[in-house]
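The structure appears below as structure tokens.
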Amino acid sequence: MRPIHQDELTEYVSQFQTLCGGQLQKVLTSSNSLILGIHKEKKTHWLHFVLNPRAPLILLTIDFLPKIKRTTKPIALFLKSNLEGALLNSVTQNQKIGRVIDFNFGDRGKIEFRLFPHGQNILVQAGAKSISWNKVKDLPPPLNKIVPSENLRTLDELYMEWESGQSKKPQKKTDPKAKQLRAIKNIEVEIERKENLKWTEFAEWLKQNLDSEIPKEYMDYVDENLTPVENLERAYQKAKDTKRKIEVAKNRLQELKSNDLTPQKKQQESLFEASKSKGRKKLIQNSLEIYVGKSAKDNLNLLRRAKPWDYWFHLRDFPGAHAILRRPRGYEVGESELREACEFLIQNSAKKLVGERVDVVLVECRFVRPIKGDKLGRVNYHSERVLSLRV
0 MRPIHQDELT
10 EYVSQFQTLC
20 GGQLQKVLTS
30 SNSLILGIHK
40 EKKTHWLHFV
50 LNPRAPLILL
60 TIDFLPKIKR
70 TTKPIALFLK
80 SNLEGALLNS
90 VTQNQKIGRV
100 IDFNFGDRGK
110 IEFRLFPHGQ
120 NILVQAGAKS
130 ISWNKVKDLP
140 PPLNKIVPSE
150 NLRTLDELYM
160 EWESGQSKKP
170 QKKTDPKAKQ
180 LRAIKNIEVE
190 IERKENLKWT
200 EFAEWLKQNL
210 DSEIPKEYMD
220 YVDENLTPVE
230 NLERAYQKAK
240 DTKRKIEVAK
250 NRLQELKSND
260 LTPQKKQQES
270 LFEASKSKGR
280 KKLIQNSLEI
290 YVGKSAKDNL
300 NLLRRAKPWD
310 YWFHLRDFPG
320 AHAILRRPRG
330 YEVGESELRE
340 ACEFLIQNSA
350 KKLVGERVDV
360 VLVECRFVRP
370 IKGDKLGRVN
380 YHSERVLSLR
390 V
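Its first residue numbered 0, the sequence shown is counted upward by one per residue in numbering that gives the first Met the number 0.
Rendered as structure tokens:
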């Protein structure tokens with residue numbers, strides 16, 4: 000995955016600024032990441048700083064903390080001792096330096112995140128004391144590489160990209176339904192945040208009051224390095240971009256809600272296909288399947304591929320076919336179902352039996368063992384049950 004571009008980071012900083020006023024309540028670390036839990040408006044916002052040398056990342060999730068293998072790092076102990084419980088005052092980015100973000104906690108201190116590939120670092124300052132994750136190096140000069148706007152990723156897209164990379168590592172399977180619900184929740188929060196932005200309102204006010212002092216409620220929408228006219232153009236462009244992003248997010252939300260990710264029951268493979276054998280098959284009551292092999296070899300192949308709880312049938316005292324009745328584990332087969340299975344076995348026996356009483360041996364496949372080296376397909380069995388019926 001590619002590193003965060005400076006233009007992407009500028010957009011992320013504007014979102015992180017909505018956390019100002021929140022309280023730092025949790026500090027967690029793993030082998031290569033620092034996670035901060037900032038509580039605001041009855042929600043916990045988790046900031047993840049992943050110190051991947053090739054592509055250091057900053058991620059944001061709301062009320063959801065991905066599973067990590069926690070380890071205790073000196074920087075975590077320092078943060079808990081000096082900054083835990085502090086209120087976040089501001090989030091700033093130095094445009095001249097590039098990919099560096101400062102999270103300022105007033106008089107308590109600040110956290111600086113450097114997101115340069117192979118120069119990634121976290122620096123914490125609290126009064127006269129300071130600590131860093133890696134050895135502090137000189138900041139590299141900013142790169143002015145231009146990235147097309149359509150290739151810039153949102154925080155949600157960045158998280159999904161990171162999570163897909165994590166899933167390539169051996170781990171427990173993620174429930175697709177739970178993943179879908181998390182994505183829906185994150186998009187709904189993002190839509191609500193964007194709808195609360197006042198770019199259009201600010202642009203209309205500024206259009207009528209270019210020479211007036213900016214009201215306090217609009218100060219977050221002003222770039223002090225731009226002229227009033229340039230700020231007006233910027234506000235209209237931001238309003239247009241925000242409207243487009245809301246439409247895209249709503250379409251994505253509708254698409255996610257319309258997708259039915261309820262786990263579908265996997266269709267059971269035919270026993271003939273599984274055993275590479277031939278014969279006859281019949282579907283009896285309650286979707287149970289019974290298989291009869293065409294030859295002694297087919298009978299043995301069917302037996303070897305059957306589940307331990309499947310039933311094996313054979314006519315007592317008569318040469319002829321074996322049969323396998325497949326059943327779900329724990330399912331109690333009824334008498335009428337057993338009788339239908341026996342009748343199918345008799346119909347496919349070598350000897351035609353009419354008007355006679357026949358005994359059919361029934362036993363779970365776990366208790367049946369082929370006789371080694373016997374080419375006639377004979378077996379040994381125990382724990383059998385015998386059903387008698389007239390044909």
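Note that the Cβ used here is the ideal one computed from N, Cα and C, for glycine as well.
From the DSSP secondary-structure annotation, give me the bridge partner or partners of residue i.
{"i": "asparagine 379", "result": "Arg368"}
{"i": "histidine 47", "result": "Ile34 and Leu58"}
{"i": "isoleucine 183", "result": "Paired residues: none, contrary to the question."}
{"i": "leucine 392", "result": "Examination of residue 392 is not possible in this model, given that the chain is present from 0 through 390 alone."}
{"i": "threonine 28", "result": "Leu33"}
{"i": "alanine 322", "result": "Val291 and Phe312"}
{"i": "glutamine 22", "result": "His38 and Leu86"}
{"i": "glutamate 363", "result": "Tyr310"}
{"i": "lysine 296", "result": "According to DSSP, lysine 296 bridges with nothing at all."}
{"i": "aspartate 358", "result": "Ser387"}
{"i": "phenylalanine 112", "result": "Ile100 and Ile121"}
Would DSSP call residue i helix, strand or coil?
{"i": "glutamine 391", "result": "The requested residue 391 does not occur in the structure, where the chain is confined to residues 0 to 390."}
{"i": "glutamate 191", "result": "helix"}
{"i": "asparagine 103", "result": "strand"}
{"i": "isoleucine 145", "result": "Caution applies to isoleucine 145, whose pLDDT of 48 falls short of 50 and renders its modelled position unreliable; the value that the coordinates give is listed next. Residue state, collapsed to three classes: coil."}
{"i": "tryptophan 308", "result": "coil"}
{"i": "glycine 36", "result": "strand"}
{"i": "alanine 125", "result": "strand"}
{"i": "threonine 9", "result": "helix"}
{"i": "valine 247", "result": "helix"}
{"i": "proline 73", "result": "helix"}
{"i": "tyrosine 330", "result": "coil"}
{"i": "isoleucine 67", "result": "coil"}
{"i": "aspartate 174", "result": "coil"}
{"i": "glutamine 346", "result": "helix"}
{"i": "alanine 85", "result": "coil"}
{"i": "leucine 388", "result": "strand"}
{"i": "aspartate 219", "result": "helix"}
{"i": "serine 276", "result": "coil"}
{"i": "asparagine 133", "result": "coil"}
{"i": "methionine 159", "result": "helix"}
{"i": "phenylalanine 317", "result": "coil"}
Whose CA, out of the options, lies closest to the CA of residue i?
{"i": "cysteine 364", "options": "Thr60, Asp6 and His381", "result": "His381"}
{"i": "lysine 109", "options": "Leu23, Lys306 and Arg303", "result": "Leu23"}
{"i": "glutamine 253", "options": "Gln124, Phe102, Leu114 and Gln179", "result": "Gln179"}
{"i": "isoleucine 57", "options": "Leu76, Thr43 and Gln14", "result": "Gln14"}
{"i": "arginine 368", "options": "Gln346, Val228, Pro2 and Leu299", "result": "Leu299"}
{"i": "serine 129", "options": "Pro116, Ala177, Glu162 and Ala75", "result": "Ala75"}
{"i": "glutamate 111", "options": "Trp132, Arg279 and Leu344", "result": "Trp132"}
{"i": "glycine 118", "options": "Asn51, Leu388, Lys193 and Ser269", "result": "Asn51"}
{"i": "phenylalanine 7", "options": "Arg303, Leu196, Thr70 and Val99", "result": "One point to set straight first is that residue 7 is glutamate, not phenylalanine, in the sequence displayed. Answer by Cα proximity: Val99."}
{"i": "lysine 293", "options": "Met218, Lys280, Ser29 and Arg384", "result": "Lys280"}
{"i": "lysine 215", "options": "Val228, Phe201, Lys206 and Asn258", "result": "Phe201"}
{"i": "arginine 315", "options": "Asp373, Ser348 and Lys242", "result": "Ser348"}
{"i": "valine 90", "options": "Leu344, Thr28, Gln16 and Val26", "result": "Gln16"}
{"i": "glutamine 5", "options": "Lys41, Arg384 and Pro116", "result": "Pro116"}
{"i": "phenylalanine 366", "options": "Leu86, Asn230, Val123 and Glu383", "result": "Glu383"}
{"i": "lysine 25", "options": "Glu40, Phe317, Ser80 and Asn31", "result": "Ser80"}
Is residue i near residue j, with beta carbons less than 9 Å apart?
{"i": "tyrosine 310", "j": "alanine 273", "result": "no"}
{"i": "lysine 296", "j": "arginine 325", "result": "no"}
{"i": "phenylalanine 312", "j": "valine 360", "result": "yes"}
{"i": "tryptophan 198", "j": "alanine 248", "result": "no"}
{"i": "aspartate 222", "j": "asparagine 185", "result": "no"}
{"i": "phenylalanine 63", "j": "arginine 181", "result": "yes"}
{"i": "threonine 153", "j": "lysine 256", "result": "no"}
{"i": "glutamate 342", "j": "valine 390", "result": "yes"}
{"i": "cysteine 19", "j": "asparagine 93", "result": "no"}
{"i": "isoleucine 61", "j": "histidine 44", "result": "yes"}
{"i": "phenylalanine 397", "j": "isoleucine 34", "result": "Not covered by the structure: residue 397. The range shown for the chain is 0 to 390."}
{"i": "asparagine 285", "j": "glutamate 336", "result": "yes"}
{"i": "alanine 54", "j": "arginine 113", "result": "no"}
{"i": "glycine 278", "j": "leucine 301", "result": "yes"}
{"i": "isoleucine 345", "j": "valine 357", "result": "yes"}
{"i": "arginine 107", "j": "alanine 85", "result": "yes"}
Taking buried to mean at least 16 other C-beta atoms within 10 Å of its own C-beta, is residue i buried or exposed?
{"i": "aspartate 393", "result": "With the chain covering 0 to 390 only, the question about residue 393 has no answer from this structure."}
{"i": "lysine 72", "result": "buried"}
{"i": "asparagine 120", "result": "buried"}
{"i": "glutamate 246", "result": "exposed"}
{"i": "isoleucine 370", "result": "exposed"}
{"i": "serine 276", "result": "buried"}
{"i": "threonine 226", "result": "exposed"}
{"i": "phenylalanine 102", "result": "buried"}
{"i": "leucine 375", "result": "exposed"}
{"i": "proline 327", "result": "exposed"}
{"i": "alanine 320", "result": "buried"}
{"i": "glutamine 207", "result": "exposed"}
State yes or no: is the beta carbon of residue i nearer than 9 Å to at least one beta carbon in chain C?
{"i": "proline 227", "result": "Among the chains of the structure shown, chain C does not appear; only one protein chain is present."}
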